[in-house]
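Enquirer: Chains as they are written, first to last, in our numbering: chain A, 6 to 385; chain B, 8 to 253. Ideal Cβ placement from N, Cα and C applies to all residues, glycine included.
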Amino acid sequence: CISASCPSACVGGSTACDPRNSNSSCTRCEPISLELCMNLPYNLTRYPNYLGHQSQRESSVSWESSLFPALVQTGCYQYLMFYACTLLVPKCDPVSLQRVPPCRSLCRTAKEKCESVLGIVGLQWPDDSDCSQFPEEGGNATCLLPEPGVDECSPSHFKCGSGRCVLASRRCDGHLDCDDNSDEDDCGCSERALWECPGSKVCIKASMICDGFPDCPLLVDEANCSVCRDNELSCNNHQCVHRTLWCDGKRHCSDSSDEWNCVSLADRSDSVLTVFRTAAEYQVCADEWNHELSHLTCSQLGLGVPSSVSMVPDQPGVPGRRRWLHVHPEWNLRNGSALQARLEKRGHACHSRRRVSVQCSREECGLRPAVGIYPHRKKR
Amino acid sequence: ILGGRVSRRGAWPWQCSLQSGQSGHVCGCVLIARRWALTVAHCFEGRESADLWRVVLGLNNLDHPGVHSQSRGVRSIIVHPRYNRAVVDYDISVVQLDSEVEETALVRPVCLPQPGQLPSPDSYCYITGWGHMGNRSESTRLPTPASGGSDRHFNICSERNMMLDRRYLLVLYSSFKHVFPVAVKYGDSGGPLVCEEVGGHWTLFGLTSWGSVCFSKVLGPGVYSNVTHFTPWIQQQIYIHTYLTD
Numbered sequence: 006c007i008s009a010s011c012p013s014a015c016v017g018g019s020t021a022c023d024p025r026n027s028n029s030s031c032t033r034c035e036p037i038s039l040e041l042c043m044n045l046p047y048n049l050t051r052y053p054n055y056l057g058h059q060s061q062r063e064s065s066v067s068w069e070s071s072l073f074p075a076l077v078q079t080g081c082y083q084y085l086m087f088y089a090c091t092l093l094v095p096k097c098d099p100v101s102l103q104r105v106p107p108c109r110s111l112c113r114t115a116k117e118k119c120e121s122v123l124g125i126v127g128l129q130w131p132d133d134s135d136c137s138q139f140p141e142e143g144g145n146a147t148c149l150l151p152e153p154g155v156d157e158c159s160p161s162h163f164k165c166g167s168g169r170c171v172l173a174s175r176r177c178d179g180h181l182d183c184d185d186n187s188d189e190d191d192c193g194c195s196e197r198a199l200w201e202c203p204g205s206k207v208c209i210k211a212s213m214i215c216d217g218f219p220d221c222p223l224l225v226d227e228a229n230c231s232v233c234r235d236n237e238l239s240c241n242n243h244q245c246v247h248r249t250l251w252c253d254g255k256r257h258c259s260d261s262s263d264e265w266n267c268v269s270l271a272d273r274s275d276s277v278l279t280v281f282r283t284a285a286e287y288q289v290c291a292d293e294w295n296h297e298l299s300h301l302t303c304s305q306l307g308l309g310v311p312s313s314v315s316m317v318p319d320q321p322g323v324p325g326r327r328r329w330l331h332v333h334p335e336w337n338l339r340n341g342s343a344l345q346a347r348l349e350k351r352g353h354a355c356h357s358r359r360r361v362s363v364q365c366s367r368e369e370c371g372l373r374p375a376v377g378i379y380p381h382r383k384k385r
Numbered sequence: 008i009l010g011g012r013v014s015r016r017g018a019w020p021w022q023c024s025l026q027s028g029q030s031g032h033v034c035g036c037v038l039i040a041r042r043w044a045l046t047v048a049h050c051f052e053g054r055e056s057a058d059l060w061r062v063v064l065g066l067n068n069l070d071h072p073g074v075h076s077q078s079r080g081v082r083s084i085i086v087h088p089r090y091n092r093a094v095v096d097y098d099i100s101v102v103q104l105d106s107e108v109e110e111t112a113l114v115r116p117v118c119l120p121q122p123g124q125l126p127s128p129d130s131y132c133y134i135t136g137w138g139h140m141g142n143r144s145e146s147t148r149l150p151t152p153a154s155g156g157s158d159r160h161f162n163i164c165s166e167r168n169m170m171l172d173r174r175y176l177l178v179l180y181s182s183f184k185h186v187f188p189v190a191v192k193y194g195d196s197g198g199p200l201v202c203e204e205v206g207g208h209w210t211l212f213g214l215t216s217w218g219s220v221c222f223s224k225v226l227g228p229g230v231y232s233n234v235t236h237f238t239p240w241i242q243q244q245i246y247i248h249t250y251l252t253d
């Protein structure tokens, strides 16, 4: 154990522990979960490994777990990946619970053939892999050599028709990486266990369909994902929420999308404030409007601070009935709430029939007062 | 930063240091509003809890913060929901501070770009940070296939796929018109790539994300999260965590 004593589960002969464990040694074999090494002729490992990693998780994010798969692509040594995995996930003997190292000859051959390749691109062979620490084959200690038929590529590789390994990410990327170009054969979506976007050749993972993120052209992977009733609206993650709850200032969609884009300022020069509530557009009555709400509007929209606020008369002859929202009497008690939570519907129209219009200006950013600004100086 | 130079005090008032416990400085970050900063998602691997972190601004020398530096705790860390650790994809995070900073000459927010905005032609862009400085060899030339390595050898180092995606900026330093030989290194992650726009307003276009281990001792290319692509998501997160906290 890393610490002086074992976790309590190992003490007292708990059935969870192997009887070969003692109070100071909780050594055990564990199944290999490192994806890179899941095609080995053995399936149990023990940590720490021969690179000083304490767990498979640490190995999975190590530099070596990126280096070796990339180096395998050069074809410098047929059994390089096998050797790398004997370091990353050393075989654990189920009887003795001890690690089985690679044989010294395997280590030396891998290093001799591949170290120079790393040198060309400015990299070094891993420090912890000194071959003299490993036993010679045929001696008293057991060690590992690749058996005939051992896979030269890892599960993270694509095996070319020629036998060469290339990283799986290079499969069907439009570049010819295999000697025989086989990495660009059969590159349809279905052959790669992917979903083809309707109307295009773009392939996406099945998990990306209806996940709230548009990945296909024309957003078709996010279309027809919801089955909502007539009185419901669809959240971005395709949940359904009753329309009366939409833009009421409280989150009802688990991704909060029912409270997105509730407030807007018209693009026209009048910048009239519009609020989307219960699936309809509302104007905001100016009767009880105040400066703090103007600040909130600009801040909520990420537009800075109000530069001008005006009360715009309602346009006469507007088709249809104008919908109005009014300032809630307790608007100032709702600290931290969005603007739409501080407005309410009432049974009457706006007395003054004047709408709120706010123009915002962005706050200063990206300036360096300590360096000084000399706008009159022109570069020549 | 490999090959850079020491900054003037206050030259980059949006640059902050993301620090954790005994480790001290872990990553760079960028102030975008009085209570908000940006960094990259991979900085939080293994330390996802907000209370483990603090953000320090107004610094020039990490070891000597000075009276003008400001330190804030972290209230929440919002990692992009599509962050993929294995391939360092969607490497961006929004950080909410536990209280607002005070804007001074040494602490100022940078501008966020508009969605799709590109740096102005012929603008000057800079990368900054407290990361490793390395030992750059003046006489080291980048190896090319013509000088002895085969095309296969460079397959180890090719970041081909990443170059095609608009979420990234792949910066080949040698491709800049005026070659100031600098590169980001370990410890610079999360720091800014900023360009000066009209009126002297500096705008954030990239966040230092990763670089190939190949050529790491020389001027290997760097990959930056393309902030322009994420501006709508950033603004949405600030809105959600400010106004929808019920």
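(1) Using a Cβ distance threshold of 8 Å, determine whether the stretch 56 to 69 of chain B contacts the stretch 85 to 95 of chain B, with at least three qualifying pairs required.
(2) How about B/V117: is its C-beta nearer than 8 Å to some C-beta of chain A?
(3) Please report whether the beta-carbon of A/Q59 lies at a distance below 8 Å from any beta-carbon of chain B.
(4) If you run the structure through DSSP and keep just helix, strand and coil, what is A/F218?
(5) Would A/Q305 count as contacting chain B if we go by Cβ distances under 8 Å?
(6) For A/R358 and A/V289, I'd like the C-alpha separation in whole angstroms.
(7) I'd like to confirm something about A/F73: is its beta-carbon nearer than 7 Å to some heavy atom of the ligand GDP, or not?
(8) Interface residues of chain A around B/G17 at Cβ under 8 Å?
(9) Does the stretch 184 to 193 of chain A come close enough to the stretch 210 to 221 of chain A that 3 or more CB-CB pairs lie under 8 Å?
(10) Please classify A/H296 as buried or exposed, where buried requires at least 16 neighbouring CB atoms within 10 angstroms.
(11) Out of curiosity, what's the CA-to-CA distance linking A/H243 and B/L251?
(12) Just grab the DSSP bridge partners of B/M140 for me.
(13) Drop a sphere of 10 angstroms on the beta-carbon of A/P205, count the other beta-carbons inside from all chains shown, and report buried for 16 or more, exposed for fewer.
(14) What is the DSSP secondary structure of A/C208, counted as helix, strand or coil?
(15) DSSP on B/D158, reduced to helix/strand/coil?
(16) Measuring alpha carbon to alpha carbon, tell me which of B/V234, B/R115 and B/S216 ends up nearest B/G17.
(17) Taking CB distances under 8 Å as the criterion, tell me whether A/G341 reaches chain B.
(18) Applying a beta-carbon distance threshold of less than 8 Å, which residues of chain A neighbour B/R89?
(19) Does DSSP put A/Q305 in a helix, in a strand, or in coil?
(20) Can you give me the Cβ contacts of B/S14 inside the same chain, cut-off strictly under 8 Å, excluding the 5 residues immediately before and after it?
(21) Going by alpha carbons, who is nearest to B/G206 out of A/E369, A/W294, A/W329 and A/W200?
(22) Just to confirm my understanding: we take A/R473, look at its own chain, exclude 5 residues before and 5 after, and list those with CB closer than 7 Å. What are they?
(23) Spell out the partners DSSP gives B/A112 in its beta bridges.
(24) Using the Cα positions of B/I247 and A/G254, report the straight-line distance between them to the nearest angstrom.
(25) Within this structure, are the beta carbons of B/W2 and B/S24 separated by less than 8 Å?
(26) Alpha carbon to alpha carbon, what distance is there between A/S274 and A/D292?
(27) Roughly how many angstroms lie between the CA atoms of A/Y55 and B/L9, to the nearest whole one?
(28) If you compare alpha carbons, which of B/S196, B/S76, B/E52 and B/E203 is closest to B/A112?
(29) Cβ of A/E69 less than 8 Å from any chain B Cβ?
(30) Determine, using beta carbons only, whether A/A271 and A/V277 come nearer to each other than 8 Å.
(31) What is the DSSP secondary structure of B/F237, reduced to helix, strand or coil?
(32) Give a yes or no on contact between the stretch 81 to 89 of chain A and the stretch 150 to 163 of chain A, applying the rule of three or more CB pairs nearer than 8 Å.
(33) Check the Cβ of A/E264 against every Cβ in chain B and list those closer than 7 Å, keeping chain order.
(34) Kindly list, in the order they appear in chain B, the residues whose Cβ is closer than 7 Å to that of A/C370.
(35) Select from the stretch 249 to 260 of chain A all residues with a C-beta closer than 7 Å to any C-beta belonging to chain B, and list them in chain order.
Expert: On the basis of the coordinates in this document:
(1) The stretch 56 to 69 of chain B, when compared against the stretch 85 to 95 of chain B, does not touch it at the 8 Å Cβ threshold.
(2) Closer than 8 Å: yes.
(3) Residue contact check for A/Q59 against chain B: no CB pair falls below 8 Å.
(4) DSSP, read as helix, strand or coil, puts A/F218 in coil.
(5) Taking 8 Å as the threshold, the shortest C-beta distance from A/Q305 to chain B falls below it.
(6) Distance between the alpha carbons of A/R358 and A/V289: 10 Å.
(7) Absence of the ligand GDP from the depicted structure is noted, as is the absence of any ligand whatsoever, leaving it without description.
(8) Neighbours of B/G17 across chain A, judged by C-beta separation under 8 Å: R373, P374, A375 and V376.
(9) In short, these stretches do not touch, since the Cβ pair count stays below three.
(10) By the neighbour-count rule (16 or more Cβ atoms within 10 Å), A/H296 is not buried but exposed.
(11) Computed Cα separation, rounded: 19 Å.
(12) Listed as beta-bridge partners of B/M140 by DSSP are no residues whatsoever.
(13) Per the sequence shown, the amino acid found at residue 205 of chain A is Ser instead of Pro. So A/S205 counts as exposed.
(14) If DSSP states are grouped into helix, strand and coil, A/C208 belongs with the strands.
(15) Low per-residue confidence applies at B/D158: pLDDT is 44, beneath 50, and the placement is therefore not dependable enough to give any value.
(16) Here the closest residue by C-alpha is B/R115.
(17) True, the Cβ-Cβ gap to chain B drops below 8 Å.
(18) Under a criterion of Cβ atoms nearer than 8 Å, the residues of chain A adjacent to B/R89 are, in order, F218.
(19) Reduced to three states, the DSSP call for A/Q305 is helix.
(20) Around B/S14: N67 and T135.
(21) The residue with the shortest Cα to Cα distance from B/G206 is A/E369.
(22) This structure cannot speak to residue 473 of chain A, because chain A is shown only from 6 to 385.
(23) BP columns for B/A112 are empty, so no partner.
(24) Near 11 Å, if we compare the C-alpha coordinates of A/G254 and B/I247.
(25) There is simply no residue 2 of chain B to check, as chain B begins at 8 and stops at 253 in what is shown.
(26) Rounded to the nearest whole angstrom, the CA to CA distance from A/D292 to A/S274 is 22 Å.
(27) Taking the Cα positions, A/Y55 is about 32 Å away from B/L9.
(28) Answer by Cα proximity: B/S76.
(29) Under the 8 Å criterion on CB atoms, A/E69 is classed as non-interfacial with respect to chain B.
(30) When the beta-carbon positions are compared, A/A271 and A/V277 come within less than 8 Å of each other.
(31) If DSSP states are grouped into helix, strand and coil, B/F237 belongs with the helices.
(32) Taking one beta carbon from each stretch, the stretch 81 to 89 of chain A and the stretch 150 to 163 of chain A have 3 or more pairs nearer than 8 Å; the two touch.
(33) The answer, in chain order, is L251.
(34) Those are P116, V117, C118 and H208, listed as they occur along chain B.
(35) If the cut-off is 7 Å between Cβ atoms, the stretch 249 to 260 of chain A has K255 and R256 near chain B.
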